[in-house]
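The structure appears below as structure tokens.
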Amino acid sequence: MSENRSRARHRRRGKALVIGVPAALAAAGVLAYGTAFGVFGEDARPEATAADAPAWARAVADGFASVHALGQNGTYGGRDGATVTVRNLADLEKYATAPEPYVIVVAGTITVNPVGKEIKVASDKTIVGSGTAGHIVGGGFFLGPGVHNVIIRNLTIRDTHQGVRNDKDHDFDAVQMDGAHHVWIDHNDLRNMADGLIDSRKDTTYVTVSWNRLGNNNKTFGIGWTENVTADLTIHHNWFRETEQRNPSTDNAAHAHLYNNLLQDDAGTAITSAYGNYARGKTRMLLENSYFQGVNNPVVKDAGAGLVQRGNLFSGTTGRNESGGTAFDPRTYYSYTAAPAADVPALVRSGAGPRTTIGTTTTTTTTTTATAAAATTLTVAKDGSGRYTSVQKAVDAVPAGNTSRVVIRVAPGVYRETVKVPANKPYVTIEGTGRSRKDTLIVEGHASGTPKPDGTGTYGTGGSATVAVEADEFQARNLSIANDFDEAAHQALTGHQAVALRTAADRIVLDGLIISGDQDTLLLDTAARDRIGRVHLTDSYVIGNVDFVFGRATAVIDRSVLTLKKRWDGSSGGYLTAPSTAAGRNGFLITRSTVNGDVAVGSFHLGRPWHAGGDATLDPQTTVRDSVLGAAVKSTPWTDMGGFSWKADRFAEYRNTGPGAGPAGADRPHLTAAQDTTHWLGGWTPTAG
Numbered sequence: 013m014s015e016n017r018s019r020a021r022h023r024r025r026g027k028a029l030v031i032g033v034p035a036a037l038a039a040a041g042v043l044a045y046g047t048a049f050g051v052f053g054e055d056a057r058p059e060a061t062a063a064d065a066p067a068w069a070r071a072v073a074d075g076f077a078s079v080h081a082l083g084q085n086g087t088y089g090g091r092d093g094a095t096v097t098v099r100n101l102a103d104l105e106k107y108a109t110a111p112e113p114y115v116i117v118v119a120g121t122i123t124v125n126p127v128g129k130e131i132k133v134a135s136d137k138t139i140v141g142s143g144t145a146g147h148i149v150g151g152g153f154f155l156g157p158g159v160h161n162v163i164i165r166n167l168t169i170r171d172t173h174q175g176v177r178n179d180k181d182h183d184f185d186a187v188q189m190d191g192a193h194h195v196w197i198d199h200n201d202l203r204n205m206a207d208g209l210i211d212s213r214k215d216t217t218y219v220t221v222s223w224n225r226l227g228n229n230n231k232t233f234g235i236g237w238t239e240n241v242t243a244d245l246t247i248h249h250n251w252f253r254e255t256e257q258r259n260p261s262t263d264n265a266a267h268a269h270l271y272n273n274l275l276q277d278d279a280g281t282a283i284t285s286a287y288g289n290y291a292r293g294k295t296r297m298l299l300e301n302s303y304f305q306g307v308n309n310p311v312v313k314d315a316g317a318g319l320v321q322r323g324n325l326f327s328g329t330t331g332r333n334e335s336g337g338t339a340f341d342p343r344t345y346y347s348y349t350a351a352p353a354a355d356v357p358a359l360v361r362s363g364a365g366p367r368t369t370i371g372t373t374t375t376t377t378t379t380t381t382a383t384a385a386a387a388t389t390l391t392v393a394k395d396g397s398g399r400y401t402s403v404q405k406a407v408d409a410v411p412a413g414n415t416s417r418v419v420i421r422v423a424p425g426v427y428r429e430t431v432k433v434p435a436n437k438p439y440v441t442i443e444g445t446g447r448s449r450k451d452t453l454i455v456e457g458h459a460s461g462t463p464k465p466d467g468t469g470t471y472g473t474g475g476s477a478t479v480a481v482e483a484d485e486f487q488a489r490n491l492s493i494a495n496d497f498d499e500a501a502h503q504a505l506t507g508h509q510a511v512a513l514r515t516a517a518d519r520i521v522l523d524g525l526i527i528s529g530d531q532d533t534l535l536l537d538t539a540a541r542d543r544i545g546r547v548h549l550t551d552s553y554v555i556g557n558v559d560f561v562f563g564r565a566t567a568v569i570d571r572s573v574l575t576l577k578k579r580w581d582g583s584s585g586g587y588l589t590a591p592s593t594a595a596g597r598n599g600f601l602i603t604r605s606t607v608n609g610d611v612a613v614g615s616f617h618l619g620r621p622w623h624a625g626g627d628a629t630l631d632p633q634t635t636v637r638d639s640v641l642g643a644a645v646k647s648t649p650w651t652d653m654g655g656f657s658w659k660a661d662r663f664a665e666y667r668n669t670g671p672g673a674g675p676a677g678a679d680r681p682h683l684t685a686a687q688d689t690t691h692w693l694g695g696w697t698p699t700a701g
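With positions in the sequence shown counted from 1, the corresponding number in the numbering used here is that position plus 12.
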């Protein structure tokens, strides 16, 4: 858009499956769980087929539980079996011990009798709580030798404690594993047990323990009970609070990767920590970006153990804090993104434990085998170490009409190319594999007026995009997308619009990105005027100056930073948004975000109405709420465009703060408390896949 408009196996070489929970959504304290369990009614049909399983039942583990090894391709639980709902111990045991795969929904409190009984779980099971209602009281679960492919998720397991602090007579665990493999323990609340909350014993391996609350316990999480050094575990985003020891204690683990955990010992309570993370025996442990608050002896290692620390923070801790030796690189086995340790307390406190709803967006895809339902992974690396050397080549390799997710994992580097995901290739994810979103950059420098190399004219605004997405269900995360067109060097060129990212499709998830340009950076569009296009952008940076977020899509920009940039000549002034929303649809919602930049005070508008092609039937909309507005924002933040008055369209604020915020008035409309923006995306719950 122009500023002046006339238009208006090898076990050590396993491959990672798609990550189940994106770090940035979790950092926002919101797991993007979709369909509530209520859709199953009073009871699911035990004779139901795998096709009846909801989308959330197809979730797969991250970390070591995702690795292809021991004949098991990651951890996906009972996804291929029937979904059943249980409300009593007899039914829970019936389905948990069955030889067939099941997704077992615990829809209430189940009291275990006798106290301390551990329900034996067979392979290929998902046991998941219905919202926060799923409680196992007075007992737990046991996974014996050879049991594999088990998910225990969204449950509260509690209360086998027998009144003895250091109980050596009652082995009543929440989850005990003896010789199992490929287990995912996720988003549970485990507490007040007679022995361990989790015991991973006797060569149990390929385990991921994530997003759990572990509390009010003595011997919390023990790993080992073996002389063999074979176990591989990933432990991330867990909240250890008021736990005395084994937080965890890790004995003879070949690879123990601990990151983004919160260990908290509150002063003046009945439980005092003896130690935090402990590397014992011949363990090799990588401990990174975790937060220790008030913990005694926060990090302890035996002389023969290797323990590498990086990025951890310690507040009010005392005693031993040790490291030494060598560990390993988890990215040899799987991809992950670790949040800064400073973010961990808020992130974990808000995100750990059972959630009200759990799942993913509804999909038309049904699969009957684990291999078909698991995401396909394609690798890209400039140095030739991946399967492809360019992102577009990987996209080209995706089959037309594909019905399951394809993850394109892009190694760190600068990829100077344009990328187009055509409409016939849905379910594509492009993700950077670097430690930071800055590590992987897709960049090109085309502008609207740039001549095409084939002599057929110029690119036009939409055609200038570095990355163009025309396929539904697209996702991108942990990378940068830029258009580095040099306006100063091309002043004679007509048409300086230079798009970094264009989306023209529905159900687009953008997470943890940097999207950078000058004029018209981010085009959020639809496939056609009469088609809906919904976009969810979170935990990202968008950088530009003139109309740098624009288009006719329905979009939520959440917990992001919108950076105002000076023009090519060093001047300040521009427009954050230029929506061209169709009447009766939602436009742009910017929420819980920050608008700032190194530009002049009072030089930028929040938006103006783009009536594309002079279409008077459009009803452009931008709402900015619960955000911090920098001093660059004008006191009259909305303005007219192309002969159309902003006051005739839909522009509003609500509960913004910062020097650029201001009170409601004729030139600054505010929403009322009754004007709800909760369902902006029209029933679609964005979820990483």
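Glycine residues also receive a C-beta, built at the ideal position from the N, C-alpha and C atoms.
These numbers come from a predicted model, not from an experiment.
Asked: Reduced DSSP secondary structure (H/G/I, E/B, other) of leucine 104; Found: helix
Asked: Of the listed residues Val79, Pro671, Gly626, Leu359, nearest to serine 347 (C-alpha basis); Found: Val79
Asked: CB of phenylalanine 562 within 8 Å of CB of threonine 589, strictly; Found: yes
Asked: Candidates Val433, Asp198, Tyr345: closest to alanine 516 by CA position; Found: Val433
Asked: Segment contact flag, the region 78–93 with the region 223–240, C-beta cutoff 8 Å, min 3 pairs; Found: no
Asked: As assigned by DSSP and simplified to three states, the class of histidine 502; Found: helix
Asked: For aspartate 688, the nearest candidate out of Val521, Ala364, Val645, Asn598 (CA to CA); Found: Asn598
Asked: Sufficient close CB pairs (3 or more, under 8 Å) joining the region 142–155 to the region 87–94; Found: no
Asked: Beta-carbon contacts of glycine 26 that lie in its chain and below 7 Å, excluding the five residues immediately before and after; Found: Low per-residue confidence applies at glycine 26: pLDDT is 31, beneath 50, and the placement is therefore not dependable enough to give any value.
Asked: Check whether alanine 477 and leucine 535 have beta carbons under 8 Å apart; Found: yes
Asked: CA nearest to the CA of arginine 213, picked from Asp198, Ala192, Thr462; Found: Ala192
Asked: DSSP-derived helix/strand/coil call for threonine 473; Found: helix
Asked: Buried versus exposed, by CB contacts within 10 Å (16 or more), aspartate 652; Found: exposed
Asked: Helix, strand or coil at serine 647 according to DSSP, with G and I counted as helix; Found: coil
Asked: Residue of Thr452, Ala282, Trp251, Val418 minimising C-alpha distance to arginine 428; Found: Thr452
Asked: Valine 558 vs aspartate 532 beta-carbon contact at 8 Å; Found: yes
Asked: Exposure of arginine 322, with buried meaning 16 or more beta-carbon neighbours within 10 Å; Found: exposed
Asked: Length of the line joining the Cα atoms of arginine 399 and isoleucine 442; Found: 14 Å
Asked: Residue range of the beta strand (DSSP E) that includes valine 573; Found: 573–576
Asked: Three-state secondary structure assigned by DSSP to phenylalanine 154; Found: strand
Asked: Chain-order list of residues whose beta-carbon lies under 7 Å from that of alanine 110 (same chain, five-residue window excluded); Found: Ala134
Asked: Identified DSSP bridge partners for histidine 80; Found: Asn85
Asked: Of the listed residues Val356, Val455, Gln188, nearest to threonine 430 (C-alpha basis); Found: Val455
Asked: Glutamine 174, buried or exposed, once every other Cβ within 10 Å from all chains shown has been counted against 16; Found: exposed
Asked: Nearest residue (CA-CA) to valine 403, options Phe600, Ser416, Arg421, Ser397; Found: Arg421
Asked: Whether leucine 155 touches valine 118 by CB criterion (8 Å); Found: no
Asked: Where arginine 667 falls, given that 16 or more other Cβ within 10 Å makes a residue buried; Found: exposed
Asked: Proximity below 8 Å, CB of aspartate 661 to CB of aspartate 631; Found: yes
Asked: DSSP three-state assignment for aspartate 532, whether helix, strand or coil; Found: coil
Asked: Proximity of alanine 339 and glycine 363 at Cβ, strictly below 8 Å; Found: no
Asked: For proline 681, three-class secondary structure by DSSP; Found: coil
Asked: Contact check, threonine 550 vs isoleucine 544, beta carbons under 8 Å; Found: no
Asked: Lysine 231 classed as buried or exposed, judged by whether at least 16 other C-beta atoms fall within 10 angstroms; Found: buried
Asked: Distance CB(threonine 388)-CB(valine 418) smaller than 8 Å; Found: yes
Asked: Whether alanine 286 touches glutamate 334 by CB criterion (8 Å); Found: no
Asked: Proximity of aspartate 523 and arginine 489 at Cβ, strictly below 8 Å; Found: yes
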